[in-house]
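Participant:
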Amino acid sequence: MATYDLNGVKNGLKIIVDGDPYIITEAEFIKPGKGQAFTRIKIRNLLNGRTTEKTLKSSDSYEGADVVDTDMQYLYSDGEFWHFMHQESFEQHQADATAMSDAAKWLKGEEECVVTLWNGRPISIQAPNFVQLKIVETDPGLRGDTSGGGGKPAKLETGAVVRVPLFVNQDEIIEVDTRTGEYTKRIK
């Protein structure tokens, strides 16, 4: 893998720090009046999401991380792992609960997801931005009951719970924004 020094550092670059893959979220080159130039970077760990700051001197260099974002189709979950398939090579990968994070509650099967691979192993799964799911359980909406903001909780077929408007009923299909976990519209 390539190594990057002070001049090659930029936002979005993925590097290895202390054996873990990181992505550079901010890079600021600083040239003081006295002394040597340096770069202050903010990096986010791709395995656990923690953000840290580092200062790079001109003599520092980092190895590039072998991290690839690829589109894969979600196949099924066996209880312990979630299985994904690459659409062109039909290669299958299995992701654990750590890699899935909250994407698991939006997937029912055959959705296109962005899978981040590090050394051939899934480290993060991003669900599609919008998914269409069926409501399996919700209270009937009472007309005029808007004191609580005009919404009610609804349990979806994947087990996720979202707030929906009062006019939405059980067995209807709704669209949910997976980034915010909010109801966007009723499909049917």
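With the first letter of the sequence shown counted as 1, position 33 gets the number 32 in numbering that gives the first Met the number 0; the numbers rise by one all the way through. Backbone N, C-alpha and C define an ideal beta-carbon position, used for all residues, glycine too.
Take the Cβ of S58 as the centre, count every other Cβ of all protein chains shown within 10 Å, and call the residue buried at 16 or more, exposed below.
Facilitator: The sequence position of residue 58 within the sequence shown is 59, counting from 1. Exposed is the call here.
Participant: With a threshold of 8 Å on Cβ separation, who are the neighbours of N10 within its own chain once the five nearest residues in sequence on each side are excluded?
Facilitator: For the purposes of this step, residue 10 is taken as residue 11 along the sequence shown, with counting starting at 1. If we look at N10 and ignore the five residues flanking it on each side, its Cβ neighbours are I23, T24, E25, A26.
Participant: Kindly list the residues whose CB is nearer than 8 Å to the CB of F80, restricted to its own chain and excluding five residues on each side of it in sequence; keep chain order.
Facilitator: Stepping through the sequence shown from its first residue, residue 80 is reached at position 81. Counting only Cβ-Cβ distances below 8 Å, and skipping sequence neighbours, we find Q93, A94, D95.
Participant: So for D101, helix, strand or coil by DSSP?
Facilitator: Translated into positions along the sequence shown, residue 101 becomes position 102. Helix at D101.
Participant: Straight-line CA distance for D77 to S123?
Facilitator: As a first step, residue 77 is located in the sequence shown; it is residue number 78 there, counting from the start. As a first step, residue 123 is located in the sequence shown; it is residue number 124 there, counting from the start. Looking at the two C-alpha atoms, the distance is approximately 18 Å.
Participant: Grab me the residues of V113's own chain with a C-beta within less than 7 Å of its C-beta, minus the 5 sequence neighbours each way, in chain order.
Facilitator: Position 114 of the sequence shown holds residue 113. For V113, where only same-chain residues beyond five positions count, the Cβ hits under 7 Å are D68, D70, Q125.
Participant: For A98, collect the residues of the same chain with a Cβ closer than 7 Å to its Cβ; drop the 5 residues on either side in sequence, then sort them by chain order.
Facilitator: For the purposes of this step, residue 98 is taken as residue 99 along the sequence shown, with counting starting at 1. P121, I122, S123, I124.
Participant: With a CB to CB cut of under 7 Å and the five nearest residues on each side skipped, what residues in its chain are close to N44?
Facilitator: On the sequence shown, position 45 is the one that residue 44 refers to. The answer, listed in chain order, is D19, Y21.
Participant: Are the beta-carbon atoms belonging to V130 and T54 less than 8 Å from one another?
Facilitator: Indexing the sequence shown from 1 puts residue 130 at position 131. Indexing the sequence shown from 1 puts residue 54 at position 55. In this structure, T54 does not lie closer than 8 Å to V130 by Cβ.
Participant: Could you pull out every unbroken beta strand (DSSP E) segment of at least 3 residues lying fully inside the region 29-68, listed in chain order?
Facilitator: Complete beta strand (DSSP E) runs here, min 3: 37-44, 50-56, 61-63.
Participant: Got a sec, what are the start and stop residues for the beta strand (DSSP E) S123 sits in?
Facilitator: Indexing the sequence shown from 1 puts residue 123 at position 124. Taken as a continuous stretch (DSSP letters only), the beta strand (DSSP E) holding S123 covers 120-125.
Participant: Using 8 Å for Cβ pairs, my map puts E174 next to K184. What's the rounded Cβ distance?
Facilitator: Sequence index remark: in the sequence shown, residue 174 carries index 175 (1-based). Sequence index remark: in the sequence shown, residue 184 carries index 185 (1-based). Right, their Cβ atoms sit about 5 Å apart.
Participant: A159 by DSSP, collapsed to three states: which one?
Facilitator: As a working mapping, residue 159 is identified with position 160 in the sequence shown. A159 falls in the coil class under three-state DSSP.
Participant: Looking at the structure shown, is A94 part of a helix, part of a strand, or coil, going by DSSP?
Facilitator: On the sequence shown, residue 94 is found 95 positions in, with the first residue counted as 1. DSSP places A94 in strand when its eight states are reduced to three.
Participant: Ordered along the chain, which non-local residues of its own chain (more than five positions away) have a Cβ less than 6 Å from that of K30?
Facilitator: Here residue 30 refers to the residue found at position 31 of the sequence shown. A36.
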